[in-house]
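Notes for the one structure printed next.
Residue numbers (our numbering), protein chains in the order written: chain C, 6 to 97; chain V, 34 to 262.
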């Protein structure tokens, strides 16, 4: 295999691995947070506004790790710096 | 497939480049300024108010209430900054359902600029509140050992603000594009509707997190004042 094929294979596989493994942790964490918030709302319905707001902010914080993985895999697929470098080397 | 509207270059003259991000940012700004000018041109304080004034008043009072809940202080000081961020991000996310419009928040340069504004606003509010020396002491609290961690925290949360908004908005339009290729009949519409919800939630989260960071720069000072009393 030449270097271009090698980079393409490595990028695609690692992009899939990145988003696949990276989504597990935030998914588990968000599920836990949501379940806890629901039981808190069931116990204290008066505090629904505060709990919902804190839940949203917390979910956004947790979700940002998954978003990082998504951005990294998008960069690997659509804007891979190594790919462009070796493409210019082969072309030029 | 394009990752961001930055790469759509409409006009180039020397080093001046007009890309789609700048164009759509100015369109959103113009729309907001024109809309609020039209509404606030003839305000009335009586019991009969126009529908548009009612709408704007409810938006402003909602933002005031939320900022007050988060910062637990008089929200009037923070309204110009946090309210502007919320309305701009929400408007540009909502307008993404208009065909041909690419939300400027789907570009990392816009979100990085907004996050840098927050990075500057936190010490600005803190210094205006408690003075330069007192604010800088926050960095070496509780011990000077924490100085590198505090600085790292400031930088990483700015990065997280920028990448979170960019990733969410960009992934919304990206998923729409991918679904158009796989199941073009109904699913893209559903994902667009979901994108409206995500856009509002992300705008809310951006403004609320900025409020939390600003309030965190002030709160320590207030606790000290209480202890001194």
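Every residue gets a Cβ at the ideal spot worked out from N, C-alpha and C, and that includes glycine.
Answer with yes or no whether the minimum CB distance from residue i to chain V is below 8 Å.
i: residue 73 (chain C); result: yes
Can you name the residues that DSSP bridges to residue i?
i: residue 49 (chain V); result: V:46
Just checking: is the beta-carbon of residue i within a distance shorter than 8 Å of some beta-carbon in chain C?
i: residue 42 (chain V); result: no
i: residue 118 (chain V); result: no
i: residue 213 (chain V); result: no
i: residue 237 (chain V); result: yes
i: residue 127 (chain V); result: no
i: residue 49 (chain V); result: no
i: residue 115 (chain V); result: no
Would you mind sorting residue i into buried or exposed? The rule is 16 or more other CB atoms within 10 Å of its CB.
i: residue 44 (chain C); result: exposed
i: residue 38 (chain V); result: buried
i: residue 68 (chain C); result: buried
i: residue 221 (chain V); result: buried
i: residue 262 (chain V); result: Note that residue 262 (chain V) scores a pLDDT of 46, beneath 50, so its modelled location is shaky and nothing firm can be said.
i: residue 137 (chain V); result: buried
i: residue 99 (chain V); result: buried
i: residue 82 (chain V); result: exposed
i: residue 135 (chain V); result: buried
i: residue 79 (chain C); result: buried
i: residue 89 (chain C); result: exposed
i: residue 11 (chain C); result: exposed
i: residue 235 (chain V); result: buried
i: residue 46 (chain V); result: exposed
i: residue 76 (chain C); result: buried
i: residue 94 (chain V); result: exposed
i: residue 116 (chain V); result: buried
i: residue 105 (chain V); result: exposed
i: residue 118 (chain V); result: buried
i: residue 81 (chain C); result: buried
i: residue 174 (chain V); result: exposed
i: residue 217 (chain V); result: exposed
i: residue 69 (chain V); result: exposed
i: residue 54 (chain V); result: buried
i: residue 203 (chain V); result: buried
i: residue 126 (chain V); result: buried
Given that residue i touches chain D, what residues does it touch there, using C-beta distances under 7 Å?
i: residue 112 (chain V); result: Considering every chain present, this structure includes no chain D. Its protein chains are C and V.
What residues of chain C sit near residue i, judged by a beta carbon separation below 7 Å?
i: residue 234 (chain V); result: 61
i: residue 242 (chain V); result: 62
Check your understanding: What residues from the region 183-205 of chain V come within 8 Å of chain C, judged by C-beta to C-beta, listed N to C?
Key -> 193, 196, 197, 199, 200, 201, 203 and 204
Exercise for review: With 7 Å as the C-beta to C-beta threshold (strictly closer), list the residues of the region 59-89 of chain C near chain V in chain order.
Suggested key: 61, 62, 65, 69, 72, 73, 75, 76, 79, 83 and 84
Point to revise | Interface residues of the region 144-155 of chain V facing chain C [CB-CB below 7 Å] | key: none
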